[in-house]
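Colleague:
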Amino acid sequence: MNARVVGLLGALVGTAWAGSASAQHAPVDAPWRLGFEVGGRWHRDRGLDAFGDTRSPPVVGLMGARDLGRIGDRATLALDVSWNAEMFQGRLRDSLQSRLTAHLLSAGVTLRVRTFWWLEPYARVAAGALYSDITLEPEAGTAQSGALTGDEWTFAGTGGVGVMVTTAPFLGRLRLAVAIEGGYQLALSQEMRVRPQALSNDEAQADRLPVADTSLGTLSQSGGYLRGLIGLRF
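Those letters in the sequence shown? Residues 9 to 242, per my numbering, in order.
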C-alpha cells in the first residue's frame, strides 16, 4: 500500500474522529421541556405528626421549562415553572381524621453544563408560594360534629443540583429527557388556623353563631428533597 493511500486513510479516520468528538459536545436543539415529577421531602417539624404516620409522603407534580440562552460553549441557562403537591393523612387524638395538603407553585432558574450532548449536570434555584389546607373531621360515633378547615400561604425557596439525560430524537424533534435532583426546601413557618366548615345550606349557615378561628400553632415545611423528572424536549 503506497504512502498516498495510507495518508488518505489516515486523513479520513482523523476527520471522522474529530466529527464524532464534535458531535458528542454539540448542543441539543430542543429548547422546550415538559415533564412529570415524582419524589419526596424529608420534613423536620414534629407538628406534621398530627397529620400522618410519615413526614415524607410522595410528592407529585408537573413542570415546564424553556432555554433562555447559552453561556460560553457548554453552559445553558433555562427558566422553569412548576407545581407539586403532597398529602398527609392521619388521626388526631383518636377522634379526628386529619388531612393536610401542601401545594408548591414556583419559578426557577437552571444552569446546565454539557458534558456530552446527552448528559448535562445542572444547578437550580427556585422561589414561589406554598399553600397548605387542612381538614379535621370527627370520626363516626364521636360526640363531636362538623368538620374544621383552614388554609394558609407562605413563601418557599429551593436550591439543588442534579443531572439530566436526553435521548436521540424520535417522531421528528421529540426527545425523551430524564433527570434526578436533590436539594433543600426552605419554607417560612405557617400559622395554621381552623374554623367550622361552611354549611351547604345558606339559610342554616346564616343562622349559625359566629365562631372565632382557632390557632393550632405553626408549621414549618422546610427539609431536604429528592425528585425525579421524566418528560419531553422539543
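Every residue, glycine too, gets a C-beta built ideally from N, C-alpha and C.
According to DSSP, is A88 part of a helix, a strand, or is it coil?
Modeller: At residue 88 the sequence reads Asp, which differs from the Ala that was named. Strand.
Colleague: Within the same chain, show all residues whose beta-carbon is closer than 7 Å to that of L234, passing over the 5 residues directly before and after it, in chain order.
Modeller: G47, G48 and G190, listed in sequence order.
Colleague: In the DSSP assignment, what residue or residues form a beta bridge with F59?
Modeller: Looking at the DSSP assignment, F59 forms no beta bridge with any residue, so it has no partner.
Colleague: G170 bridges to which residues according to DSSP?
Modeller: Answer is Y130 and E189.
Colleague: Are L156 and R82 touching if we call contact CB-CB under 8 Å?
Modeller: Contact flag unset, no.
Colleague: Over the uninterrupted beta strand (DSSP E) stretch that includes L240, give me the two end residues.
Modeller: Start and end: G231 to R241.
Colleague: With 16 other CB atoms within 10 Å as the buried threshold, where does G154 fall?
Modeller: Counting Cβ neighbours within 10 Å, G154 comes out exposed, since fewer than 16 surround it.
Colleague: With a 10 Å radius around its C-beta and 16 neighbouring C-beta atoms as the bar for buried, classify A212 as buried or exposed.
Modeller: Residue placement at A212 cannot be trusted, given a pLDDT of 49 that sits under 50; the coordinates are not used to answer.
Colleague: Go ahead and label T222 buried or exposed: buried means 16 or more other beta carbons lie within 10 angstroms of its beta carbon, across all protein chains shown.
Modeller: T222 comes out exposed.
Colleague: Classify V169 as buried or exposed, calling it buried when 16 or more other Cβ atoms lie within 10 Å of its own Cβ.
Modeller: Its Cβ having fewer than 16 others within 10 Å, V169 is exposed.
Colleague: Tell me the rounded alpha-carbon separation between F59 and A115.
Modeller: Approximately 28 Å, taken between the alpha carbons.
Colleague: Taking the continuous beta strand (DSSP E) assigned at V68, which residues delimit it?
Modeller: Taken as a continuous stretch (DSSP letters only), the beta strand (DSSP E) holding V68 covers P66 to I79.
Colleague: Please state the DSSP three-state secondary structure of R54.
Modeller: Helix at R54.
Colleague: Along the chain, where does the beta strand (DSSP E) that runs through R201 open and close?
Modeller: Where R201 is concerned, the enclosing beta strand (DSSP E) stretches over Q198 to P204.
Colleague: Determine the closest residue to P146 out of W40, G72 and L100, with distance taken between C-alpha atoms.
Modeller: The shortest C-alpha separation from P146 is found at L100.
Colleague: Alpha carbons only, please: which of L56, R74 and T109 is nearest the one belonging to V36?
Modeller: Among L56, R74 and T109, the Cα nearest to that of V36 belongs to R74.
Colleague: CA-CA distance, P66 and E45?
Modeller: The straight-line gap from Cα to Cα measures roughly 10 Å.
Colleague: Please name the residue or residues paired with T226 in a DSSP beta bridge.
Modeller: Its beta-bridge partners are E199.
Colleague: Look at the alpha carbon of A186 and the alpha carbon of R122, and state the distance between them as a whole number of angstroms.
Modeller: The amino acid occupying residue 186 in the given sequence is Val; Ala does not appear at that position. The alpha-carbon atoms of V186 and R122 are separated by roughly 15 Å.
Colleague: If you draw a straight line from the alpha carbon of A38 to that of M172, how long is it in whole angstroms?
Modeller: Rounded to whole angstroms, A38 to M172 spans 13 Å at the Cα level.
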